[in-house]
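K.L.:
Residue numbers for the sequence shown follow my numbering, so the first one is 774 and each next one is one higher. Ideal Cβ placement from N, Cα and C applies to all residues, glycine included. Take this structure, written in structure tokens, and hold onto it; I'll ask about it next.
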Amino acid sequence: VVGATVFTHPIDVVKVQLQMAEKSCAKADSFSLPRFVSFWQKFQRRAGTGALFSGLQAASMRAATYGTVRIGLCEPLQEVAGRSGGAVIAGVLATVVGNPFEVLKVRLQAEPQLAATGE
């Protein structure tokens, strides 16, 4: 899961940056691939290739902790709470453990200069 994060992370960074750029716009616009690609190119020229990987450490920690907790607790909890109950509890606990990393990831994606300065 962490390996896949490395490949999908730049897409997520561009998505967050696009959302931040349009937050002042009150209209709800549907996704447009040409607009996304155009924004990606402009963002990469302006911020540099390194900015596409801002927040990668937090994203990797989120992927690792979420996956480990969810998969590691699922079977033991299913023995206690039944098949569906155990899966739900494992998912909830994994979300609670992974959420701080998710918040940090989005913060660093929204403000790449924070990742660059280590703040």
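Which of the three DSSP states is assigned to F804 in this structure?
P.N.:
For this step, residue 804 is matched to residue 31 along the sequence shown. Residue state, collapsed to three classes: coil.
K.L.:
Would you call V789 buried or exposed, if buried means 16 or more other Cβ atoms sit within 10 Å of its Cβ?
P.N.:
Residue 789 sits at position 16 when you count from the first residue of the sequence shown. Buried.
K.L.:
Using the three-state DSSP reduction, which class does V842 fall into: helix, strand or coil?
P.N.:
By one-based count along the sequence shown, residue 842 stands at place 69. It is helical.
K.L.:
Evaluate G845 with the Cβ neighbour count: other Cβ atoms within 10 Å of its Cβ, from every protein chain shown; 16 or more gives buried, anything less gives exposed.
P.N.:
Position 72 of the sequence shown, counting from 1, holds the residue named residue 845. Result: exposed.
K.L.:
Are there three or more Cβ pairs, one per stretch, closer than 8 Å when the stretch 869-879 is compared with the stretch 830-838?
P.N.:
They touch, by the three-pair rule.
K.L.:
Hey, A836 and V775: beta-carbon distance below 8 Å or not?
P.N.:
Taking the first residue of the sequence shown as 1, we reach residue 836 at position 63. Taking the first residue of the sequence shown as 1, we reach residue 775 at position 2. Yes, Cβ-Cβ distance for A836 and V775 is below 8 Å.
K.L.:
Whole-angstrom Cβ separation of Q882 and D785, contact assumed at under 8 Å?
P.N.:
Locating residue 882 in the sequence shown gives position 109, where the first residue counts as 1. Locating residue 785 in the sequence shown gives position 12, where the first residue counts as 1. Correct: roughly 7 Å between the Cβ atoms.
K.L.:
Consult DSSP for E875 and reduce its assignment to one of helix, strand or coil.
P.N.:
Here residue 875 refers to the residue found at position 102 of the sequence shown. Helix at E875.
K.L.:
Can the beta-carbon of S809 be found less than 8 Å from the beta-carbon of L791?
P.N.:
Translated into positions along the sequence shown, residue 809 becomes position 36. Translated into positions along the sequence shown, residue 791 becomes position 18. In the sequence as displayed, the identity of residue 809 is Phe instead of Ser. Cβ distance < 8 Å, so F809 and L791 count as in contact.
K.L.:
Would T893 pass as a contact of V870 if the rule is Cβ separation under 8 Å?
P.N.:
Given a span of 774 to 892 for the chain in the structure shown, any question on residue 893 remains unanswerable.
K.L.:
If F816 and V779 are in contact, beta carbons under 8 Å, what's the gap, nearest whole angstrom?
P.N.:
Residue 816 sits at position 43 when you count from the first residue of the sequence shown. Residue 779 sits at position 6 when you count from the first residue of the sequence shown. That pair is no contact at about 19 Å.
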